[in-house]
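**Student:** One structure, as structure tokens, below. Some questions next.
Numbering (our numbering), first residue to last: 1 to 43.
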């Protein structure tokens with residue numbers, strides 16, 4: 001179960017960005033504020 005969860009989190013994070021606060025590095029903590037919101041991206 002743990003391997004499947006880690007794989008799913010990694011896949012999600014690679015496509016959409018960090019899922020949890022623990023995955024965010026301190027050097028770009030506010031980078032999300034300058035990126036487009038999910039509803040602003042093309043489908």
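By construction, the Cβ of each residue, glycine as well, lies at the ideal position given by its N, Cα and C atoms.
Can you tell which of 16, 7, 5 has its C-alpha closest to the C-alpha of residue 38?
**Tutor:** The residue given as residue 38 occupies position 38 in the chain shown. Cα-wise, what sits closest to residue 38 is 16.
**Student:** Is residue 30 helix, strand or coil when you go by DSSP?
**Tutor:** Looking up residue 30 in the chain shown gives position 30. Residue state, collapsed to three classes: coil.
**Student:** Provide the residue span of the alpha helix (DSSP H) that contains residue 22, from first to last.
**Tutor:** If you number the chain shown from 1, residue 22 lands on position 22. Residue 22 -> no alpha helix (DSSP H), and no H or E assigned at all.
**Student:** Can you check whether the CB of residue 18 is closer than 7 Å to the CB of residue 24?
**Tutor:** Working through the chain shown from its first residue, we reach residue 24 at position 24. Working through the chain shown from its first residue, we reach residue 18 at position 18. The answer is yes: Cβ separation under 7 Å.
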